[in-house]
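Visitor: Going left to right, the sequence shown walks through residues 9 to 170 as the working numbering numbers them. For glycine and all other residues, C-beta sits at the position ideal for the given N, C-alpha and C. Values in this document were obtained by computation on a predicted structure and should not be read as measured data. First the structure, then my questions, so here it is.
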Amino acid sequence: MSDHEFGGNLSLAMPLPASTRYWLKYDSGTLANDDLSLPKATVQKIVSEILPPSAGVAFAKEARDLLIECCVEFITLISSEANEISEKEAKKTIACDHITKALEQLGFTDMVPAVLEAAAEHKEVQKGREKKADKFANSGMSMEELARLQEEQFAAARERHG
Numbered sequence: 009m010s011d012h013e014f015g016g017n018l019s020l021a022m023p024l025p026a027s028t029r030y031w032l033k034y035d036s037g038t039l040a041n042d043d044l045s046l047p048k049a050t051v052q053k054i055v056s057e058i059l060p061p062s063a064g065v066a067f068a069k070e071a072r073d074l075l076i077e078c079c080v081e082f083i084t085l086i087s088s089e090a091n092e093i094s095e096k097e098a099k100k101t102i103a104c105d106h107i108t109k110a111l112e113q114l115g116f117t118d119m120v121p122a123v124l125e126a127a128a129e130h131k132e133v134q135k136g137r138e139k140k141a142d143k144f145a146n147s148g149m150s151m152e153e154l155a156r157l158q159e160e161q162f163a164a165a166r167e168r169h170g
């Protein structure tokens, strides 16, 4: 196995800041924390969308598993760097800005526009969702009336189902 293949010596194309190296603890070529993973079916679906069967290219199970490990490693790297950035700013929540700064600091500047676009799309989807508190506020009923109505519905359900 060459240094560039999984399981060989860790060889990164660019040096990492010392602060982000702490999570790179390898034991026989795998991450020390085996609890981290991504759903295999989801990864397979993404791969299938990229490489449709009509392309005539097969994606081996071992390749999918390696891809999952690489994705987990990448996510851990970015989130660790973003966490460090948020801590330096005395923030307790990692924000989108921290993720984009982490990407830039780690040399993934070309990914920032796509991340910002995905964040904007997510924000729009979240705006469209009606919040539970808004449902109650827009019902025109007081909390007492809503509680009474709920209790009546529970009683009716108990009668129907004995």
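Going by the CB atoms, is the gap between residue 110 and residue 90 shorter than 7 Å?
Guide: Against a cut-off of 7 Å, the Cβ pair of residue 110 and residue 90 comes out as a contact.
Visitor: Looking at the structure shown, is residue 43 part of a helix, part of a strand, or coil, going by DSSP?
Guide: If DSSP states are grouped into helix, strand and coil, residue 43 belongs with coil.
Visitor: Run the CB neighbour count on residue 154, radius 10 Å, all protein chains shown included, and call it buried at 16 or more, exposed below.
Guide: It counts as exposed.
Visitor: Going by the CB atoms, is the gap between residue 87 and residue 106 shorter than 7 Å?
Guide: No, they are not a contact pair.
Visitor: Among 45, 83 and 98, which one has its Cα closest to the Cα of residue 72?
Guide: That would be 45, whose Cα lies nearest to the Cα of residue 72.
Visitor: Can you tell me the Cα-Cα spacing of residue 47 and residue 147, whole angstroms?
Guide: Residue 47 and residue 147: Cα-Cα distance of roughly 39 Å.
Visitor: Give the DSSP-derived three-state secondary structure of residue 114 in the structure shown.
Guide: Residue 114: coil per DSSP, three-state reduction.
Visitor: Which complete alpha helix (DSSP H) runs does the stretch 40-87 hold, if anything under 4 residues is left out?
Guide: Counting only runs of 4 or more, we get 48-58.
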